[in-house]
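First comes the structure, then the notes that go with it.
Here you go:
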């Protein structure tokens, strides 16, 4: 039997309205227990528990076992009994229901990693293969299909996927601004902070090449998986800490390989690195004048070909002038094939 990620314990209609609104904001469907007996029954199964002040005493009276992930929400009375019940329940915090941003951040922190986002990494066999452009195009196509995608830049040595998207001037934060003093970024907070352009949220690396702290990346990537329903990561072939952290959260990867011998050799190296973290790898080849063709490349790498990209004369100009790669028919077709394999059709 499936269990809800969040148990809400309250018999107060106003408290329940608040809780359901918060749950909608963080993207979860809760189990609601309107009495202490029902709450005690589901106490251990849920990932997190939100207890309203009206049921705190009765629930504490059932002596539930100690567990992590319990929050008690007070309507603002700050009565001494609320704090006693919080201690009895082992609550991590007593939150003021009137301070909604704090409540949302704490809920998001507890529930990070429970999202159902489809996550895909795009990796180039060599520099300039077009992986960043394809990753951006996949995110744009996902937005056209009605999904909520986030484009994650996992290449600290690159110029920034926001430039490819045409979003470098859109207000919002980059990786470098997410290592706050509290050490945690909730899904709701992340979705408020990131810039969005043409329906795609983007998390870009700083242009100074600064490393992303190792303890920040997993938390932010987990929040992204909850805040959005499609995560497309532009992952470098050298796989530093950020690239590895991004790859480890992906259910599939696309390797972009130009059709020549040198690139195929580099592709073998990249494939070995990628497969250490992601078992399902697909191939997109890039035509080269007098090149090998997609068939020999696929045979050499023993990968199924999703699409073959050709030269698009308008593409570089579109990117250079901030229009992004969305107008390229070849890229749209390839991106659609990638999304189809992930089961991400058009949202009705």
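Numbering (the working numbering), first residue to last: -15 to 332. Yeah, the Cβ is synthetic: ideal placement off N, Cα and C, and Gly gets one too.
Look at residue i and residue j and say whether their C-beta atoms are less than 9 Å apart.
i           : j           : result
residue 319 : residue 118 : yes
residue 226 : residue 265 : no
residue 281 : residue 290 : no
residue 31  : residue 135 : no
residue 188 : residue 146 : yes
residue 144 : residue 152 : yes
residue 43  : residue 23  : yes
residue 375 : residue 293 : Here the chain covers residues -15 to 332 and nothing more, so residue 375 does not appear.
residue 76  : residue 41  : no
residue 216 : residue 122 : yes
residue 218 : residue 137 : yes
residue 231 : residue 261 : yes
residue 303 : residue 113 : no
residue 148 : residue 116 : yes
residue -11 : residue 14  : yes
residue 258 : residue 101 : no
Hey, could you find the ends of the alpha helix (DSSP H) residue i is sitting in?
i           : result
residue 280 : 278 to 285
residue 301 : 299 to 304
residue 68  : 64 to 73
Please classify residue i as buried or exposed, where buried requires at least 16 other C-beta atoms within 10 Å of its C-beta.
i           : result
residue 245 : exposed
residue 86  : exposed
residue 21  : exposed
residue 130 : exposed
residue 330 : exposed
residue 184 : buried
residue 283 : exposed
residue 213 : buried
residue 65  : exposed
residue 194 : exposed
residue 273 : exposed
residue 133 : buried
With a CB to CB cut of under 6 Å and the five nearest residues on each side skipped, what residues in its chain are close to residue i?
i           : result
residue 370 : Any answer about residue 370 is impossible in this case: the structure gives the chain only from -15 up to 332.
residue 9   : 88 and 172
residue 247 : 109, 110 and 241
residue 311 : 302
Below 7 Å CB to CB, which residues in the same chain sit around residue i once its five sequence neighbours on both sides are set aside?
i           : result
residue 254 : 107, 109, 221 and 239
residue 233 : 103, 205 and 209
residue 156 : 177, 178 and 179
Looking only at its chain, what residues have a beta carbon closer than 8 Å to the beta carbon of residue i, apart from the 5 residues adjacent to it on each side?
i          : result
residue 50 : 74
residue 45 : 20
In terms of residues, what are the limits of the beta strand (DSSP E) holding residue i?
i           : result
residue 324 : From DSSP, residue 324 is part of no beta strand (DSSP E) but of the alpha helix (DSSP H) over 313 to 325.
residue 225 : Run containing residue 225: none in the beta strand (DSSP E); it sits in the alpha helix (DSSP H), 225 to 232.
Check whether the segment 167 to 186 and the segment 194 to 212 are in contact - that is, three or more C-beta pairs closer than 8 Å. At 8 Å Cβ cutoff, the stretches touch.
Would you call the segment -13 to -1 and the segment 33 to 46 touching, i.e. three or more CB-CB distances under 8 Å? Contact between the segment -13 to -1 and the segment 33 to 46 is present: 3 or more CB-CB pairs across the two stretches fall below 8 Å.
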